[in-house]
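The next block holds one structure in the form of structure tokens; read it before the comments.
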Amino acid sequence: MNQHRTQTTTFDIALLPGDGIGVDVTREAVKVLQALTPKLDGVKFAFHEYSVGAGEYLKHGNPLPDEAFEACRKADAVLLGAMGLPNVRWPDGKEMTPQIDLREKLQLYCGLRPIRLYHEHDTPLKRYKVGEIDLVIVRESTEGLFSGRQSQASPDKDEVCDVMRITRAGSERVCRSAFRVAQKRRNQVTLVDKANVLPSMVYFRSIFDAVAKEFPDVHSGHVYVDAAALYLVQRPHTFDVLVTENMFGDILSDLAAGLIGGMGMAPSADIGDGCAVFQPSHGTAPDIAGKGIANPIATILSAALMLEWLKHPATVKGAELIRRAVETVLEDPAQRTPDLGGRLTTTEMAKKIIARL
Ligand code: ATP
Numbered sequence: 002m003n004q005h006r007t008q009t010t011t012f013d014i015a016l017l018p019g020d021g022i023g024v025d026v027t028r029e030a031v032k033v034l035q036a037l038t039p040k041l042d043g044v045k046f047a048f049h050e051y052s053v054g055a056g057e058y059l060k061h062g063n064p065l066p067d068e069a070f071e072a073c074r075k076a077d078a079v080l081l082g083a084m085g086l087p088n089v090r091w092p093d094g095k096e097m098t099p100q101i102d103l104r105e106k107l108q109l110y111c112g113l114r115p116i117r118l119y120h121e122h123d124t125p126l127k128r129y130k131v132g133e134i135d136l137v138i139v140r141e142s143t144e145g146l147f148s149g150r151q152s153q154a155s156p157d158k159d160e161v162c163d164v165m166r167i168t169r170a171g172s173e174r175v176c177r178s179a180f181r182v183a184q185k186r187r188n189q190v191t192l193v194d195k196a197n198v199l200p201s202m203v204y205f206r207s208i209f210d211a212v213a214k215e216f217p218d219v220h221s222g223h224v225y226v227d228a229a230a231l232y233l234v235q236r237p238h239t240f241d242v243l244v245t246e247n248m249f250g251d252i253l254s255d256l257a258a259g260l261i262g263g264m265g266m267a268p269s270a271d272i273g274d275g276c277a278v279f280q281p282s283h284g285t286a287p288d289i290a291g292k293g294i295a296n297p298i299a300t301i302l303s304a305a306l307m308l309e310w311l312k313h314p315a316t317v318k319g320a321e322l323i324r325r326a327v328e329t330v331l332e333d334p335a336q337r338t339p340d341l342g343g344r345l346t347t348t349e350m351a352k353k354i355i356a357r358l
């Protein structure tokens with residue numbers, strides 16, 4: 002962050018468009034931020050773009066080059082599109098997931114996934130109106146069932162095990178983050194676990210309960226992950242903040258995105274103690290890549306999360322302006338990209354939002 006004599010604050014943003022629709026949606030999110038800048042008193046953004054992902058691997062052999070990683074570490078924030086392509090794999094057959102490497106290397110343990118209904122038209126659930134589905138999934142993003150992802154599964158073996166790694170420090174920090182998020186919302190945190198079956202989840206629950214005592218103003222509860230899937234569909238309005246391990250969070254955030262219109266509506270932030278990466282919850286969507294029809298709203302709302310996280314009074318105001326612009330555009334059911342039943346292109350949708358800023 003640079004402060005000039007005129008009191009302008011310039012935030013350095015590392016920009017990683019990545020692969021597939023990541024390229025299209027980040028381009029539009031940057032346009033929104035650029036259009037917003039004149040309204041943000043004393044704040045500017047300097048974007049520094051880096052090539053990462055499966056395309057970068059094909060060119061130079063590394064999906065997350067050191068230069069890009071160092072830039073992410075030093076930047077005020079990172080805006081990421083999506084990375085990985087199904088037909089570009091490591092020699093052992095696994096897809097490249099440099100976004101997970103980034104979370105682990107930068108210790109971005111708090112995966113924040115806000116789920117908010119912007120228009121009743123876009124939910125498959127009857128009866129829900131704008132704002133009536135409004136919850137946040139906090140996904141632990143550095144351990145859990147993803148921790149064994151670097152191990153090899155040779156087809157010659159008779160058995161393969163994945164490990165659910167739950168540490169005290171990792172659980173304490175993510176649970177505290179969830180309680181702090183709830184304090185700014187409706188003061189309610191639900192732990193999603195499988196403590197009726199897995200010892201790792203009994204342990205996770207005991208740590209959650211201990212952390213809950215540090216936040217007597219916040220109501221806390223538990224629900225098993227299978228029941229959470231059911232309740233999210235039956236009565237999503239009863240949840241405020243849900244906190245869970247990595248894999249459960251991965252699955253439930255896609256389910257929850259389905260409640261508000263799909264992946265194109267679900268923003269996300271991966272937050273650590275010093276760094277944060279903002280990207281849509283979705284992947285590279287190879288089925289629609291290159292067609293110019295991806296919904297840019299998830300990425301634009303992720304940019305709003307970034308503005309909020311930067312904590313400058315002007316950027317916090319900017320985040321609100323973006324959310325209001327999105328809501329206003331969606332008031333007209335004709336203003337939709339094809340994933341929401343409309344005909345707008347990615348660029349046209351972003352233009353509509355910019356016009357409403
Ligand atoms: P990953 O595992 O990397 O998160 P994924 O395999 O879950 O990716 P996505 O790329 O998220 O898959 O796509 C899932 C579905 O959602 C696809 O049908 C895709 O076209 C759709 N989708 C994802 N993002 C968008 C978007 N921004 N706009 C429209 N449709 C989208």
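Going by my numbering, the first residue of the sequence shown is number 2, and it counts up by one from there. All residues carry an ideal CB built from backbone N, CA and C; glycine is no exception. None of the values given here were measured: they were computed from a predicted structure.
Terminal residues of the continuous alpha helix (DSSP H) containing residue i?
i: C73; result: 67-75
i: Q336; result: It is not in any alpha helix (DSSP H) - Q336 carries neither H nor E in the DSSP assignment.
i: V131; result: Note, V131: premise wrong, no alpha helix (DSSP H); not H, not E.
i: D102; result: 99-106
i: W91; result: Taken as a continuous stretch (DSSP letters only), W91 belongs to no alpha helix (DSSP H), as it is neither H nor E.
i: M2; result: Taken as a continuous stretch (DSSP letters only), M2 belongs to no alpha helix (DSSP H), as it is neither H nor E.
i: K60; result: 55-61
i: E309; result: 298-311
Using the Cβ count rule (16 or more neighbours within 10 Å means buried), how would you classify residue i?
i: S152; result: exposed
i: S221; result: buried
i: A257; result: buried
i: H61; result: exposed
i: N247; result: buried
i: E68; result: exposed
i: G275; result: exposed
i: T9; result: exposed
i: V161; result: exposed
i: G343; result: buried
i: S269; result: buried
i: M97; result: buried
i: S142; result: buried
i: E215; result: exposed
Tell me whether residue i, by its Cβ, gets closer than 8 Å to a heavy atom of ligand 1.
i: M264; result: yes
i: P281; result: yes
i: V26; result: yes
i: T285; result: yes
i: D123; result: no
i: I1; result: Nothing can be reported for residue 1: it is not among the residues displayed for the chain, which extend from 2 to 358.
i: T338; result: yes
i: G250; result: no
i: G112; result: no
i: P297; result: yes
i: I323; result: no
i: G342; result: no
i: G1; result: Past the edges of the chain, shown from 2 to 358, lies residue 1, and the structure says nothing about it.
i: A304; result: no
i: G85; result: yes
i: D255; result: yes
From which residue to which residue does the beta strand (DSSP E) around residue i run?
i: I167; result: No beta strand (DSSP E) holds I167; DSSP gives it neither H nor E.
i: T10; result: 10-19
i: E50; result: 44-50
i: G112; result: 111-117
So, with DSSP's three-state summary, where would you put residue i?
i: T316; result: helix
i: L80; result: strand
i: A30; result: helix
i: G149; result: helix
i: P156; result: coil
i: R181; result: helix
i: R344; result: coil
i: V139; result: strand
i: T124; result: coil
i: P39; result: helix
i: E328; result: helix
i: E144; result: coil
i: V161; result: coil
Less than 8 Å between the CB of residue i and some heavy atom of ligand 3, yes or no?
i: I289; result: As presented, the structure is devoid of ligand 3, carrying ligand 1 as its sole ligands.
task: Let me know the beta strand (DSSP E) ranges lying completely inside the region 185-254, each 3 residues or longer, listed in chain order.
output: 189-194, 220-225, 242-245
- prompt: Which whole runs of the beta strand (DSSP E) in the region 255-293 are 3 residues long or more, in chain order?
  reply: 268-272, 277-281
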